[in-house]
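**Student:**
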Amino acid sequence: MTMLVVFESMFGNTEAVARAIGDGLGEDAVVAATDDATPAMVASATLIVAGCPVHNWGLPSQKSHATAERLGDTDSIPPASSDTMPMRDWLAAVPAGAGRVAAFDTRYASRFAGSASKEILKELVATGREPADEPQAFHVHQSPQGAERGSMLKDGELERARHWGLALAASEAAK
Ligand SMILES: Cc1cc2nc3c(=O)[nH]c(=O)nc-3n(C[C@H](O)[C@H](O)[C@H](O)COP(=O)(O)O)c2cc1C
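Letter 102 of the sequence shown, counting from 1, is numbered 124 in our numbering, and no numbers are missing.
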């Protein structure tokens with residue numbers, strides 16, 4: 023059994039959530055950026071968990087990546103990753119297959135924040151896989167909390183992510 027956690031992350035927060043989910047899933051889990059999660063890894067995964075930040079109320083794009091890169095690397099915002107494959111491009115290359123899927127995003131704690139996880143789950147389910155849970159959101163602060171990568175997450179979100187990973191692993195084991 024292989025469990026694959028795939029993330030797109032510009033400022034390190036979605037990556038930190040992905041790694042916490044991977045911790046919860048346990049030692050069978052592989053955590054990889056969109057650039058590194060190859061179709062072969064996807065094909066052998068029995069559970070795929072994919073996540074990205076919400077940009078402009080939905081999935082990030084090359085254009086929103088460029089905006090993030092312009093915003094980053096100031097005194098108060100961490101440098102943004104450049105040349106990271108947007109989740110929407112990675113999703114377009116996921117081969118049809120069996121197994122289960124789950125999705126998450128990072129976003130502001132506002133009802134106007136939009137969502138990326140719903141779209142991720144929809145795309146993954148369209149490849150023939152079963153949803154393992156509802157789409158999840160993990161919350162970041164709206165104002166910069168410093169120039170460290172991953173420093174925007176609200177208190178308790180990494181612990182919540184780890185618990186979600188534990189719950190997904192338990193439901194995988196109970197299949
Ligand atoms: C171009 C851009 C657009 C954004 N649009 C939204 C948005 O519509 N809703 C929201 O909740 N957050 C929005 N955000 C905040 C991101 O969700 C936040 O930067 C992200 O969760 C941080 O994750 P990362 O560190 O993995 O990049 C936006 C950020 C950027 C850079």
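All C-beta atoms, glycine included, are put in the ideal place defined by N, C-alpha and C.
Are there any heavy atoms of ligand 1 lying less than 8 Å away from the beta-carbon of residue 49, as far as the coordinates show?
**Tutor:** Residue 49 sits at position 27 when you count from the first residue of the sequence shown. For ligand 1, not one heavy atom lies less than 8 Å from the Cβ of residue 49.
**Student:** At what residues does the alpha helix (DSSP H) containing residue 147 begin and finish?
**Tutor:** Walking along the sequence shown from the start, residue 147 turns up at place 125. Run containing residue 147: 139-147, per the alpha helix (DSSP H) assignment.
**Student:** Nearest to residue 192 by CA position, among 173, 30, 46, is which residue?
**Tutor:** As a position in the sequence shown, residue 192 is number 170, starting the count at 1. Checked all of 173, 30, 46; the closest Cα to residue 192 is 46.
**Student:** Taking the Cβ atom as the reference point for each residue, do residue 104 and residue 31 lie within a distance shorter than 9 Å?
**Tutor:** The residue given as residue 104 occupies position 82 in the sequence shown. The residue given as residue 31 occupies position 9 in the sequence shown. Not a contact, by the Cβ cut-off of 9 Å.
**Student:** Tell me where the beta strand (DSSP E) around residue 75 begins and ends.
**Tutor:** The count along the sequence shown starts at 1 and reaches residue 75 at position 53. Taken as a continuous stretch (DSSP letters only), the beta strand (DSSP E) holding residue 75 covers 69-75.
**Student:** Strictly by DSSP, which residues pair up with residue 158?
**Tutor:** If you number the sequence shown from 1, residue 158 lands on position 136. In DSSP, residue 158 forms a bridge with 126.
**Student:** So if DSSP puts residue 80 in a beta bridge, which residue, or which two residues, is it bridged to?
**Tutor:** One-based indexing of the sequence shown puts residue 80 at position 58. Answer by DSSP bridge pairing, in chain order: 77.
**Student:** What separation, rounded to the nearest whole angstrom, lies between the Cα atoms of residue 107 and residue 80?
**Tutor:** Residue mapping note: residue 107 aligns to position 85 of the sequence shown, counting from 1. Residue mapping note: residue 80 aligns to position 58 of the sequence shown, counting from 1. Whole-angstrom Cα-Cα distance: 16 Å.
**Student:** Using only alpha-carbon positions, find the residue among 33, 143, 169 that is nearest to residue 159.
**Tutor:** Along the sequence shown, one-based indexing puts residue 159 at 137. Minimum Cα distance to residue 159 is reached at 143.
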